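Engineer: Numbering (our numbering), first residue to last: 1 to 579.
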């Protein structure tokens, strides 16, 4: 009876069917493991009404043969046709919580769909009653000011884009980190040993540096596709004959090839959109008669793999949608050492500025510094670091520039006060004239305006180069003794897309009294306040607060005396409390 009363009056379970809050909360999906890097991810198979059926990209007429793309290494054409469908996540919801208070910004809520009250939706609260909401370049602005997430919310919403524990097993793939000579790469690990007599490293170690300064920097590398633009110089004298011959062959080449490369005679550059297909590179080089043109193709092909982080979702591989460049990132690294290092520096770019968090373990001090400012912005005492009796000191650091602020944490606790940067002080509005995004066919968002007022491919190439350079400023430097990096991951923030531009995109949207503006974390496919005719969720439609992902499951097969019986078993690793 107590259980019945508890469920009836206090708690209730809900099953998620669609992927508007993925990848954190999943609808019906397929559990996929990348064959190249072994990275596990979910492939969505059920989407809400915001997705146009024409945007679904089934790979055969009956829709049974489908392919996934790895969000970590970028491997494409991963067949999931034989992978069984997993049920959506099940949430345990606290009912009546909002009878006593209103939801907080960024809080996850369950509510009745105002347009169809028999349906229950789960979204994130964005705008509160009486606030003006504006979505611009992926960010949320409330009453004209950027809405910032605290550290816990950032962790709850972050999406992995690079995990050094999952390196692709292919000679054609490169990892998204540049390492100086103090690091070494061995199978499944990256390490260097100052004293060979000290013995071999543990298999848990990913990176290790010698007594010399070791540095690494982020370098987003893309295996296939993309809508970014890159270019390399080549004179008309060296290019025109081979380029004219290429155009002559145009009719016999796949359209996807020819539309991705162009020669700009005015600027004297060879330009490519997205990653240059290997077949196109081989064709251009094989048919070239001029060595300088051939060299330019080699350079362009290599450059075409370098791009900025975008809002790609491995979950959305079935959907054909634009990609937008994302600059809000979070770095996570687990370091260990037996002898205390002199200094560990984490470099965090915010627009054109670079902030540095300097850890001095020997002096038990941490400081935040900025380029061009002599004095530290903050200085704090380091918290006690974890060290086993006979083992190494192990520290996990997290640094983010999400929402125009510098946030830094050690072992899950913030150790610096978030340093806020006014977006108006670090952004040039002229760089955000084109918000069409990166499309499969297409255009790169946030491109500069030239003197004619139009956005050209040359402008987009310049914008792409600036984004790559800015994200390449993320880095870690270590001085003194050996330090191992056991884990190195880069995450991105949710980028809120314009959707159908119905609400809060073209102009601010004033939230009605006793109502809320809500959005899903999987912005490209979420039906939410951006797109609804009536954008608000009235308070009396709230059903409760989900607090536990309590019954995630995965498919399995029971083999009994030659009989195979499909069944579902709990996915214990995904059971968690919801922020």
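Each residue gets a CB set at the ideal place from its N, CA and C atoms; glycine is no exception.
As the structure is a computational prediction, the values presented were derived from the model and not from experiment.
Only counting runs of 3 or more residues, tell me where the beta strand (DSSP E) segments fall wholly within the region 105–133, in order along the chain.
Structural biologist: Here the runs fully enclosed are 108–113 and 116–127.
Engineer: So what's residue 450 in DSSP terms, helix, strand or just coil?
Structural biologist: Here residue 450 scores only 46 on pLDDT, less than 50, and its place in the model should not be relied on; the value that follows carries that caveat. Coil, per DSSP.
Engineer: Determine the contact status of residue 223 and residue 177, defining contact as a CB-CB distance below 7 Å.
Structural biologist: No. Outside cutoff.
Engineer: Alpha carbon to alpha carbon, how far is residue 524 from residue 74?
Structural biologist: Rounded to the nearest angstrom, the two C-alpha atoms are 19 Å apart.
Engineer: At the level of alpha carbons, what is the spacing between residue 493 and residue 543?
Structural biologist: Answer to the nearest angstrom: the Cα atoms are 27 Å apart.
Engineer: Looking at the secondary structure, which residues open and close the beta strand (DSSP E) in which residue 283 lies?
Structural biologist: No beta strand (DSSP E) contains residue 283, which is instead part of the alpha helix (DSSP H) from 278–287.
Engineer: Please work out which residues of its chain come closer than 6 Å, Cβ to Cβ, to residue 498, disregarding the five sequence neighbours upstream and downstream, and give them in chain order.
Structural biologist: Counting only Cβ-Cβ distances below 6 Å, and skipping sequence neighbours, we find 505.
Engineer: Buried or exposed for residue 560, going by 16 or more other Cβ atoms inside 10 Å?
Structural biologist: It counts as exposed.
Engineer: Hey, does residue 313 have any beta-carbon neighbour from chain C nearer than 7 Å?
Structural biologist: Chain labels in this structure do not include chain C; a single protein chain is all it has.
Engineer: Give me, in chain order, the residues of the same chain whose beta-carbon lies closer than 6 Å to that of residue 321; leave out the 5 immediate sequence neighbours on both sides.
Structural biologist: Contacts found: 524.
Engineer: Do you know whose CA, among 570, 249, 29 and 517, lies nearest residue 122's CA?
Structural biologist: Closest by alpha carbon: 517.
Engineer: Consult DSSP for residue 324 and reduce its assignment to one of helix, strand or coil.
Structural biologist: DSSP places residue 324 in coil when its eight states are reduced to three.
Engineer: Do residue 397 and residue 382 count as a contact pair if the criterion is CB distance below 7 Å?
Structural biologist: Their beta carbons are not under 7 Å apart, which means residue 382 does not touch residue 397 by this criterion.
Engineer: Going by CA-CA distance only, name the one from 86, 94, 17 and 170 that's closest to residue 36.
Structural biologist: For residue 36, the nearest C-alpha among the options comes from 170.
Engineer: Hey, how far is the Cα of residue 578 from the Cα of residue 301?
Structural biologist: Cα-Cα distance, rounded: 44 Å.
Engineer: Looking at C-beta atoms only, is the number of pairs between the region 271–286 and the region 300–319 that lie closer than 8 Å three or more?
Structural biologist: In short, these stretches touch, since the Cβ pair count reaches three.
Engineer: Tell me the rounded alpha-carbon separation between residue 575 and residue 468.
Structural biologist: Looking at the two C-alpha atoms, the distance is approximately 36 Å.
Engineer: What is the rounded straight-line gap between the Cα of residue 20 and the Cα of residue 502?
Structural biologist: Straight-line Cα distance between these residues: approximately 18 Å.
Engineer: Would you grab the beta carbon distance between residue 314 and residue 41 for me? Rounded to a whole angstrom, and I think it's under 8 Å.
Structural biologist: About 4 Å; that satisfies the 8 Å criterion.
Engineer: Name the one or two DSSP bridge partners that residue 272 has.
Structural biologist: According to DSSP, residue 272 bridges with 230 and 261.
Engineer: List the endpoints of the continuous alpha helix (DSSP H) containing residue 467.
Structural biologist: That run of the alpha helix (DSSP H) goes 457–471.
Engineer: Please report how far the alpha carbon of residue 63 lies from the alpha carbon of residue 376, in whole angstroms.
Structural biologist: Since pLDDT at residue 63 reaches only 43, below the 50 mark, its modelled position is unreliable, and the value read off the structure follows with that caveat. Cα to Cα, residue 63 sits roughly 58 Å from residue 376.
Engineer: Using three-state DSSP, classify residue 423 as helix, strand or coil.
Structural biologist: Here residue 423 sits in helix by DSSP.
Engineer: Would you check if there are 3 or more beta carbon pairs closer than 8 Å linking the region 230–245 to the region 288–301?
Structural biologist: Touching, yes, given that three or more Cβ pairs across the two stretches are closer than 8 Å.
Engineer: Report the residue from 385, 371, 295 and 358 whose alpha carbon sits nearest the alpha carbon of residue 337.
Structural biologist: Among 385, 371, 295 and 358, the Cα nearest to that of residue 337 belongs to 385.
Engineer: My output table needs one value for residue 353: the three-state DSSP class, helix, strand or coil.
Structural biologist: Residue 353 falls in the strand class under three-state DSSP.
Engineer: What do you reckon, are the CB atoms on residue 30 and residue 85 nearer than 7 Å?
Structural biologist: Yes, they are a contact pair.
Engineer: If residue 580 and residue 162 are in contact, beta carbons under 8 Å, what's the gap, nearest whole angstrom?
Structural biologist: Examination of residue 580 is not possible in this model, given that the chain is present from 1 through 579 alone.
Engineer: According to DSSP, is residue 536 part of a helix, a strand, or is it coil?
Structural biologist: Strand.
Engineer: Consult DSSP for residue 541 and reduce its assignment to one of helix, strand or coil.
Structural biologist: Three-state result, residue 541: helix.
Engineer: Check residue 316 in the structure and name its three-state DSSP category.
Structural biologist: Here residue 316 sits in helix by DSSP.
Engineer: Taking just the CA atoms, how far does residue 418 sit from residue 400?
Structural biologist: Taking the straight line joining both Cα atoms gives about 10 Å.
Engineer: Would you list the one or two residues that DSSP bridges to residue 528?
Structural biologist: DSSP output for residue 528 lists no bridge partner at all.
Engineer: What does DSSP give as the partner residues of residue 31 in its beta bridges?
Structural biologist: Paired residue(s): 42.
Engineer: Going by the beta-carbon positions, is the gap between residue 217 and residue 475 smaller than 7 Å?
Structural biologist: Yes, Cβ-Cβ distance for residue 217 and residue 475 is below 7 Å.
Engineer: Below 7 Å between beta carbons: does that hold for residue 395 and residue 335?
Structural biologist: Yes, they are a contact pair.
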